[in-house]
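Below is one structure, written out as structure tokens; the observations come after it.
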Amino acid sequence: MSATAALDGVSKKYGRATAVQPTTLELRAGVVGLLGPNGAGKTTMLRLLSTALPPTKGRIMVTGFDVTESHANRVEARRRLGYCPQEVTFPRGMTAFGFLDYVAVLKEWKATGARHAEVRRVLDLVDLGERATMKVSRLSGGQRRRLAIAQSLLGTPDLLILDEPTTGLDPEQRASLRSLLSDLAGTVLISTHQTEDVSTLCDRVLVIDAGAIRFDGTVPELLGTAAGRVHLGPTAAVGAVQTWKTGTGLVRSVGGQPAPDSCVVDPSVEDAYLLLRSQERTRQGVT
Amino acid sequence: MSSTTATGSTLRSLARREIRSYLGAKLFWFGTALTLVLDVVILFHLDNDPGSSGSYMIAPAALLGVLGLVVMFGLTRRSDRAAEAAGAVAVSERTRTLALASATIVPFSVAIFSFVVAVVALNVHPPAGYVVPPGISNAYVYAQMFGDGVMCAVGGPLLGLLLARYLPKRGVAAVASVLLVIMTILLQGGLVGGEQPYRVFWFWTYFLSQGSQGGPGQHHFTTHPGNPYLWVLYLVTLCALGVVAAVLHDPDSDRASLKRVALGLVVGAVVLGVLTMTVGFTESVVSPEVCPVC
Numbered sequence: 000m001s002a003t004a005a006l007d008g009v010s011k012k013y014g015r016a017t018a019v020q021p022t023t024l025e026l027r028a029g030v031v032g033l034l035g036p037n038g039a040g041k042t043t044m045l046r047l048l049s050t051a052l053p054p055t056k057g058r059i060m061v062t063g064f065d066v067t068e069s070h071a072n073r074v075e076a077r078r079r080l081g082y083c084p085q086e087v088t089f090p091r092g093m094t095a096f097g098f099l100d101y102v103a104v105l106k107e108w109k110a111t112g113a114r115h116a117e118v119r120r121v122l123d124l125v126d127l128g129e130r131a132t133m134k135v136s137r138l139s140g141g142q143r144r145r146l147a148i149a150q151s152l153l154g155t156p157d158l159l160i161l162d163e164p165t166t167g168l169d170p171e172q173r174a175s176l177r178s179l180l181s182d183l184a185g186t187v188l189i190s191t192h193q194t195e196d197v198s199t200l201c202d203r204v205l206v207i208d209a210g211a212i213r214f215d216g217t218v219p220e221l222l223g224t225a226a227g228r229v230h231l232g233p234t235a236a237v238g239a240v241q242t243w244k245t246g247t248g249l250v251r252s253v254g255g256q257p258a259p260d261s262c263v264v265d266p267s268v269e270d271a272y273l274l275l276r277s278q279e280r281t282r283q284g285v286t
Numbered sequence: 000m001s002s003t004t005a006t007g008s009t010l011r012s013l014a015r016r017e018i019r020s021y022l023g024a025k026l027f028w029f030g031t032a033l034t035l036v037l038d039v040v041i042l043f044h045l046d047n048d049p050g051s052s053g054s055y056m057i058a059p060a061a062l063l064g065v066l067g068l069v070v071m072f073g074l075t076r077r078s079d080r081a082a083e084a085a086g087a088v089a090v091s092e093r094t095r096t097l098a099l100a101s102a103t104i105v106p107f108s109v110a111i112f113s114f115v116v117a118v119v120a121l122n123v124h125p126p127a128g129y130v131v132p133p134g135i136s137n138a139y140v141y142a143q144m145f146g147d148g149v150m151c152a153v154g155g156p157l158l159g160l161l162l163a164r165y166l167p168k169r170g171v172a173a174v175a176s177v178l179l180v181i182m183t184i185l186l187q188g189g190l191v192g193g194e195q196p197y198r199v200f201w202f203w204t205y206f207l208s209q210g211s212q213g214g215p216g217q218h219h220f221t222t223h224p225g226n227p228y229l230w231v232l233y234l235v236t237l238c239a240l241g242v243v244a245a246v247l248h249d250p251d252s253d254r255a256s257l258k259r260v261a262l263g264l265v266v267g268a269v270v271l272g273v274l275t276m277t278v279g280f281t282e283s284v285v286s287p288e289v290c291p292v293c
């Protein structure tokens with residue numbers, strides 16, 4: 000199975016600041032989660048893959064086209080990808096349908112009938128079919144987020160890139176979005192802070208920190224890195240990365256030396272992520 | 000793979016869309032309604048205004064051109080926001096710019112109608128006391144009216160497009176339209192004098208007006224320096240330059256070629272501007288006939 004997208008020695012600098020360190024990576028069919036703290040380089044990585052941003056160095060292949068080579072290749076790649084940015088400022092005065100119809104024209108849907116049918120399809124996918132004629136300014140935050148996602152779904156792209164798509168969605172909407180994404184056939188790359196999304200949806204997890212990929216594997220493999228390192232006991236573990244009192248009154252400790260009478264519990268993706276972050280901070284000499 | 004239907008051109012689809020958006024702008028309809036009301040007033044000679052023929056075209060220039068600047072600025076920002084919301088789209092900024100520029104067909108059409116009305120009105124019932132100064136044909140008057148009315152109705156929106164490309168900030172269109180009006184008023188006599196030859200480098204000017212050169216109550220029709228035929232060509236060149244400069248903003252455009260075209264248009268505009276000043280009347284000619292009702 001060939002890669003839908005690939006980074007080959009790609010780095011990105013803004014002036015002297017390095018946003019993405021030299022990275023080599025391949026993305027294939029399936030849902031890939033990109034986890035990382037704020038400022039880790041997630042959005043830059045997604046913008047590089049979406050062709051919205053040129054790399055400082057390296058080569059990027061998207062749906063078989065070297066997007067760093069020519070504008071024509073970027074256009075070909077853009078025809079085959081969908082991208083939902085983290086923050087979207089919607090045009091004024093447009094209805095939900097009008098906005099998607101305009102974006103569909105920008106995505107080269109020329110025949111009016113087919114375009115309108117496609118717009119209605121993606122509106123239904125994100126449960127906004129009944130809000131089609133409503134002005135975007137009158138939609139709630141969650142509805143606007145779904146509208147932003149809807150535009151990225153136009154044309155059923157081979158590569159779908161979503162930057163924190165579940166932000167602002169209620170649990171029901173998040174579950175609905177997960178269901179939608181899991182049904183897609185192509186490659187889906189999601190940047191998120193919601194570890195729950197990763198554990199329930201993603202076939203593969205990338206953890207990025209300080210512009211570099213620190214972990215690349217499946218969810219079970221990520222969980223494996225935290226196996227035996229999460230405890231539940233009457234008191235906190237010594238030197239734990241994070242501790243908190245649970246609803247049962249017991250203290251859950253991630254990492255560290257477990258207190259007597261503690262028991263090992265199954266780690267969550269969040270536990271594994273916290274441990275990875277801790278290792279990275281130690282490596283960087285941050286206390 | 001996107002199931003894009005490959006019929007027709009993207010530019011054509013987008014241009015149709017932008018034309019519809021322009022037609023949907025309330026400010027455009029406000030300007031159009033007022034322009035058409037003034038056309039009716041002129042056509043049926045309801046105001047009995049003995050003023051210059053140039054004044055007939057203030058309505059399309061201000062109500063379609065200046066307001067068009069605001070309309071087009073808004074449409075361009077809207078298009079940019081939609082493109083930004085989609086992250087990266089196949090259609091280039093260049094294509095979007097050309098589609099937006101093609102939407103000027105809307106104010107152009109209304110302005111042409113207004114121009115035809117003004118021409119008919121001028122022939123059916125010319126201003127009272129109107130005396131054609133020596134060497135002036137009707138075509139001379141029509142050229143001024145076309146430049147002041149039709150070209151400004153197109154040039155205003157194109158200026159809005161250009162501003163949205165290079166100064167996409169809130170309030171820029173409003174400030175620009177106010178400055179445009181102030182500068183135009185000042186250049187009609189307040190700042191440099193309405194008879195200075197170099198006033199023709201501005202987007203709006205009079206070549207034929209009436210004033211009180213003979214003292215209070217002694218109004219005469221006056222021909223100002225310059226050549227309105229060449230001035231229309233100068234304005235056409237400026238409009239073309241505006242479109243090229245707006246397209247040039249696209250980082251993915253062929254900037255080297257566009258810069259050459261832009262340079263050629265700048266040279267052409269300067270040459271036409273100088274020719275407008277120097278070919279034709281070089282100084283004001285005041286008609287000896289006193290306008291009895293001005």
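The listed protein sequences correspond, in order, to chains A and B.
Per numbering that gives the first Met the number 0: the first sequence = residues 0 to 286.
Per numbering that gives the first Met the number 0: the second sequence = residues 0 to 293.
Ideal Cβ placement from N, Cα and C applies to all residues, glycine included.
Asked	Found
Could you tell me the distance, in whole angstroms, from the CA atom of Arg77/B to the CA atom of Leu105/A?	13 Å
Ile160/A and Leu45/A look like a contact to me (Cβ under 8 Å); what is the Cβ gap, rounded to whole Å?	5 Å
Between Ser198/A and Val229/A, how many whole angstroms is the CB-CB distance? I'm expecting something under 8 Å.	Contact flag wrong, Cβ pair sits at about 14 Å.
Going by DSSP, which residues form a beta bridge with Trp287/A?	Nothing can be reported for residue 287/A, as the shown portion of chain A is limited to 0 through 286.
Helix, strand or coil, according to DSSP, for Thr4/B in the structure here?	Since pLDDT at Thr4/B reaches only 41, below the 50 mark, its modelled position is unreliable, and the value read off the structure follows with that caveat. Thr4/B falls in the coil class under three-state DSSP.
So Thr275/B and Val199/B are supposed to be a Cβ contact under 8 Å. How far apart are they, rounded?	5 Å
Going by the beta-carbon positions, is the gap between Ile207/A and Gly35/A smaller than 7 Å?	yes
What does a CB cutoff of less than 7 Å around Thr34/B pick up in its chain, not counting 5 residues either side in sequence?	Ala58, Pro59, Leu62, Leu63, Val109 and Ser113
Tell me, to the nearest whole angstrom, how far the beta carbon of Gly148/B is from that of Val70/B; I am working on the premise that it is less than 8 Å.	Going by Cβ atoms, the distance from Gly148/B to Val70/B rounds to 17 Å, so no, they are not a contact pair.
At 8 Å on the CB atoms, spell out the chain B contacts of Ala147/A, in chain order.	Ala84
Using the C-alpha atoms, what's the distance from Ala271/A back to Leu10/B?	50 Å
When you compare the CB of Ser1/A with every CB in chain B, is at least one pair closer than 7 Å?	no
Is there a C-beta anywhere in chain B that falls below 7 Å from the one on Pro84/A?	yes
Under 8 Å, with one C-beta from each stretch per pair, do the stretch 232–239 of chain B and the stretch 248–268 of chain B reach the 3-pair mark?	yes
Taking 7 Å as the limit between beta carbons, can you name the residues of its chain near Val65/B, skipping five residues before and five after?	Gly155, Ser176, Leu179 and Val180
Could you tell me which chain B residues have their CB closer than 9 Å to the CB of Phe89/A, listed as they occur along the chain?	Arg80, Ala81 and Ala84
DSSP on Lys11/A, reduced to helix/strand/coil?	strand
Going by DSSP, what residues sit across from Thr221/B in a beta bridge?	Ser208/B and Val285/B
Which whole-angstrom value is the C-beta distance of Thr290/A and Leu80/A, which I expect to be below 8 Å?	Any answer about residue 290/A is impossible in this case: the structure gives chain A only from 0 up to 286.
Three-state secondary structure (DSSP) at Pro21/A?	strand
Which residue or residues does DSSP assign as beta-bridge partners of Leu138/A?	Its beta-bridge partners do not exist; DSSP assigns none.
Closer than 8 Å, Cβ to any Cβ of chain B: which residues of the stretch 32–50 of chain A, in chain order?	Arg46, Ser49 and Thr50
Bridge partners for Ile212/A per DSSP, in chain order?	Ile207/A
Count the other CB atoms, across all protein chains shown, that sit within 10 Å of the CB of Tyr13/A; report buried if there are 16 or more and exposed otherwise.	exposed
In the stretch 84–169 of chain A, which residue ranges form an unbroken alpha helix (DSSP H) of at least 4 residues, counting only runs that do not cross its ends?	95–105, 111–124 and 140–152
From the beta carbon of Tyr13/A, is the nearest beta carbon of chain B less than 7 Å away?	no
Give me the DSSP bridge partner(s) of Cys262/A.	Leu231/A
Quick one: using the 10 Å Cβ neighbour count with 16 as the cut-off for buried, is Thr281/A buried or exposed?	exposed
From the DSSP output, in three-state form, read off Phe64/A for me.	strand
Applying the 10 Å Cβ sphere with the 16-neighbour rule, what's the burial state of Tyr217/B?	Note that residue 217/B corresponds to Gln in the displayed sequence, not to Tyr. By the neighbour-count rule (16 or more Cβ atoms within 10 Å), Gln217/B is not buried but exposed.
Report the start-end ranges of each alpha helix (DSSP H) in the stretch 64–103 of chain B that is 4 residues or longer and not cut off at the edges.	66–84 and 92–101
Anything in chain B within Cβ reach of His70/A, meaning under 7 Å, just list it in chain order.	Asp251
Tell me the DSSP secondary structure of Arg78/A in three-state form.	coil
On the DSSP bridge assignment, give the partners of Leu234/B in chain order.	In the DSSP output, where bridge partners are listed per residue, Leu234/B has none listed.
Return yes when the Cβ of Val231/B is within less than 7 Å of the Cβ of Gly146/B, no when it is not.	yes
Can you give the Cα-Cα distance for Val140/B and Gly263/B, rounded to whole angstroms?	29 Å
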